[in-house]
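Here numbering that gives the first Met the number 0 is used: position 649 in the sequence shown is 648, and no number is missing along the way. Ideal Cβ positions, reconstructed from N, Cα and C, are used throughout, including at glycine.
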Amino acid sequence: MYMCGIAGIFNFDGQPVSETRIKKMADSMVHRGPDDEGVYIKENIGLGHRRLSIIDLSQRAHQPMCNEDRSVWIVYNGEIYNYRELNQDLLRKGHQIKSNCDTETIIHLWEEYGPRCVDYLRGMFAFAIWDEKQRVLFASVDRMRIKPLYFTQIGKSFVFASELKAIVASDLYDVHLNFEAIHHFLSMQAVPVPMTIYKDVFTLPGGSALEVKNNQISVYQYWDVKFEINDGGDELFYKNKIKSLITEAVQLRMMSDVPLGAFLSGGIDSSIIVGLMRDMQTDPVQTFTIGYDVGGLEWDDTRFAQLVANKYQTNHRVQIVTAKDVIDELPNFIQLLDQPSTDAINSYFVSKLAAENVTVVQCGQGGDELFAGYFTFDVIEKYFRRDQIWEKMPSLLRKTIIGAHTFALKSLQNFSLTQSFEKFIEAYGSFSNKYANIRMELDEKEKQQVYTRYFKQQVGNLKTVEIYRHYDKRFNGNGSLINKVSFFDLKTHLGDVLMRDVDAMSMAFSLETRIPLIDHKLVEFVATIPPTLKMKNGKKKYIFIEALKDLLPDEVLNREKRGFAFPLRLWLRKELKPMLEYVLSRENVERRGFFKYDEIEKLKQNYYSWKSPNYRKIWGFAILEMWMRQSIEKDDVFFNQMHQCVVKSMEHARSKQQ
């Protein structure tokens, strides 16, 4: 079992692969695998690997790994939690198992089942297999895409890797920004799968595989969540089954030959995981929390985390993050982002803290998406109730209301009210429109106002709502609102934002994260639970909490939903405001040529004055500019000047207070 970096090149035209090129790709991901490296080259196929050892620390687990006759080779990143059970079955079928690692298990599963080998795997993974006899390159990722795989075709070469940096490091790909990805990023705060920030480079979606054979690349889906409701059980049945499956998922993820701990936000999900872990090991659980030097209880996660730590007598560590820490770490944080993201900085700090003490952590992502824990579930229901009232009104009355409200609101020049009413109207209609209205930070009108003529030419008539309409068509099962929101959240918020950020930030510090709440066996079962048990009498995550509430202190059980909240919306108005002003100055915005400075300035001023309290609207532009400066231009001078500007402002503010 390893958390690693993998890379490879397959030349369709038979040209030999350069070992130097493969090694350069692998070395660009040394943080993903500091313990070992390996390269396999044979004519027009090349595989590279960087290894972070978790189980079987010996050289028997070296990669790339092959079968007995050296006809099948694999590079693999992940953890297969049922590999011992699979090995027993393979031994009965006559296979020889020489190591105590799950990499070898996948090789023999390939020999036995071919592409259907993925059906037997329980865990997180991204791997590529080269089968010499069949002349096929096969690659796959786990069902929830916890482990990423990026790929592209460049001329006659197929190139893949765990990180986009490695594809760029191949020197085969000439970097071109994907303007469509930027357009969607500004709304979604992440680049949606399968596209990436680079043109013609793709992400392999969760539950998917690809084959490269006869100079053809085919991508297909081998798994997806199906919401087929089972009304055969009572509430007690579902509570017992949920507790059993979650306990099993946490237990499976306790396997490790290196130190193991847990992220602890003091929220329900992470607290339950820590409570279950405590009964599964003799030593105290090592737990990690970040807090902030801002006043008020709103941002104080540490007190709830400490309650859980006290209850389970964990070895608890807390780091208080300051605005100065953020500006000091920002260049490194941006450098670690394969793609721009507005939501990864909390993962950066907690991963850095944990990696100083352990090599593996369990964390609580996925519970809100599965069990109806987000605000989206409330708002969608309100939208549909509102629609029912709206539809009963005569058409003339509806038009009169729209006209009167629009005139009154704009006459008052109230930006927030005007925008809210416009969104009220826009959300009327399809589920996709409603979901987009809730989740999109910038709508199409706002983006078009900001874009320069040049950028408008690049994106044309693209609409981000089409991303959501794609998932609407793919939704499989019972059409309840709760299930649809869950499906959309799993695919977009969890898949496009959280999974990518957790992998990028944890692996940056050679830390493996395990996520029991999206174990696919649990996901499949939860998809069968009646929606009325997920959200009951207005209580979100009802059946989940009822099943496991005995593990929670009362204060945690009754707290407001949070997670590792980060106080950027405060800092960007105060300590970090000079950073925002520097990054999005007239000089920098006009130099880029994508956005109108006057419109960016309006967004900033609306944010500073609380007319538009959502910091993500402007933070997305800042992250994008910093990412391009770092990843595309390698502009260290920009970051040095930014740092000096902010630190000088902080020192000036402190001197005034003295």
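Alpha-carbon spacing of residue i relative to residue j, whole angstroms
| i | j | result |
| --- | --- | --- |
| Ile631 | Gly476 | 43 Å |
| Asp12 | Ile241 | 52 Å |
| Cys65 | Val74 | 9 Å |
| Leu136 | Lys212 | 7 Å |
| Ser350 | Lys22 | 27 Å |
| Met253 | Leu263 | 16 Å |
| Lys573 | Leu441 | 23 Å |
| Thr527 | Leu235 | 15 Å |
| Tyr596 | Tyr434 | 30 Å |
| Ile542 | Ser217 | 40 Å |
| Leu259 | Phe370 | 27 Å |
| Met143 | Asp500 | 14 Å |
| Met279 | Gln285 | 13 Å |
| Ser431 | Ile481 | 14 Å |
| Tyr219 | Met578 | 44 Å |
| Gln318 | Gly366 | 25 Å |
| Thr202 | Thr195 | 7 Å |
| Gln361 | Ala308 | 15 Å |
| Pro552 | Lys310 | 8 Å |
| Phe658 | His469 | Lying outside 0 to 657, the shown extent of the chain, residue 658 is not represented and no answer is given. |
| Leu108 | Tyr607 | 57 Å |
| Phe414 | Trp72 | Bear in mind that the predicted position of Phe414 carries a pLDDT of just 42, short of 50, making it unreliable; the figure below should be weighed with that in mind. When rounded, the distance between both Cα atoms is 60 Å. |
| Glu554 | Ile544 | 14 Å |
| Gln643 | Ile245 | 48 Å |
| Tyr291 | Arg558 | 18 Å |
| Asp173 | Ser156 | 13 Å |
| His404 | Gln188 | Here His404 scores only 48 on pLDDT, less than 50, and its place in the model should not be relied on; the value that follows carries that caveat. Going by the C-alpha atoms only, they are around 31 Å apart. |
| Val320 | Ile437 | 30 Å |
Nearest-angstrom Cβ-Cβ length linking residue i and residue j, presumed shorter than 8 Å
| i | j | result |
| --- | --- | --- |
| Val522 | Val224 | 6 Å |
| Asp141 | Gly77 | 7 Å |
| Val359 | Arg513 | 7 Å |
| Gln629 | Gln338 | Not confirmed; about 12 Å, so no contact. |
| Gln364 | Leu171 | Wrong, their Cβ atoms sit about 34 Å apart, outside the cutoff. |
| Glu368 | Asp488 | 4 Å |
| Ile622 | Thr341 | 5 Å |
| Gly4 | Phe159 | Actually they are not in contact, since the Cβ atoms of Gly4 and Phe159 sit about 11 Å apart, beyond 8 Å. |
| Phe374 | Met534 | Actually they do not touch by this definition, with Cβ atoms about 12 Å apart. |
| Glu18 | Ile44 | Wrong, their Cβ atoms sit about 12 Å apart, outside the cutoff. |
| Ser139 | Arg31 | At roughly 18 Å, the Cβ-Cβ gap does not stay under 8 Å, so Ser139 and Arg31 are not in contact. |
| Phe124 | Ile79 | 6 Å |
As assigned by DSSP and simplified to three states, the class of residue i
| i | result |
| --- | --- |
| Phe487 | helix |
| Cys644 | helix |
| Asn639 | helix |
| Met190 | First, the amino acid is wrong: residue 190 is Val here, not Met. Val190: coil per DSSP, three-state reduction. |
| Asn314 | strand |
| Lys240 | helix |
| Trp609 | coil |
| Glu580 | helix |
| Tyr219 | strand |
| Pro63 | coil |
| Gln364 | coil |
| Ser161 | coil |
| Ser415 | Since pLDDT at Ser415 reaches only 43, below the 50 mark, its modelled position is unreliable, and the value read off the structure follows with that caveat. Here Ser415 sits in helix by DSSP. |
| Leu497 | helix |
| Ser139 | strand |
| Thr451 | coil |
| Ala168 | helix |
| Ser17 | coil |
| Ala343 | coil |
| Lys595 | coil |
Residue of the options minimising C-alpha distance to residue i
| i | options | result |
| --- | --- | --- |
| Ala682 | Leu259, Cys116 and Val273 | No answer is possible for residue 682: it lies beyond the span of the chain, which begins at 0 and ends at 657. |
| Glu624 | Val525, Ala354, Leu480 and Leu329 | Leu329 |
| Arg49 | Phe126, His519 and Arg121 | Phe126 |
| Asp324 | Thr195, Tyr373, Met649 and Gln656 | Met649 |
| Leu120 | Thr19, Trp129, Thr102 and Gln133 | Thr102 |
| Asp495 | Asp26, Cys362, Ser270 and His183 | His183 |
| Ser255 | Leu510, Pro529 and Trp618 | Leu510 |
| Asp199 | Ser186, Tyr149 and Asn214 | Tyr149 |
| Gly154 | Asp268, Gln215 and Ile96 | Gln215 |
| Val357 | Val273, Asp635, Ile326 and Ala261 | Ala261 |
| Lys455 | Gln656, Glu179 and Gln62 | Glu179 |
Ignoring anything shorter than 4 residues or poking outside the segment 503-574, list the alpha helix (DSSP H) runs there in chain order. Runs found: 519-525, 530-533, 541-547, 553-556 and 567-570.
Jot down the residue ranges of each uninterrupted alpha helix (DSSP H) in the segment 267-340, minimum 4 residues, whole runs only, in chain order. 267-277, 301-311 and 322-335
At 4 residues or longer, what runs of the alpha helix (DSSP H) sit wholly inside the segment 73-108? 82-91
What runs of the beta strand (DSSP E), each 3 residues or longer, lie entirely inside the segment 27-54? 35-41 and 44-52
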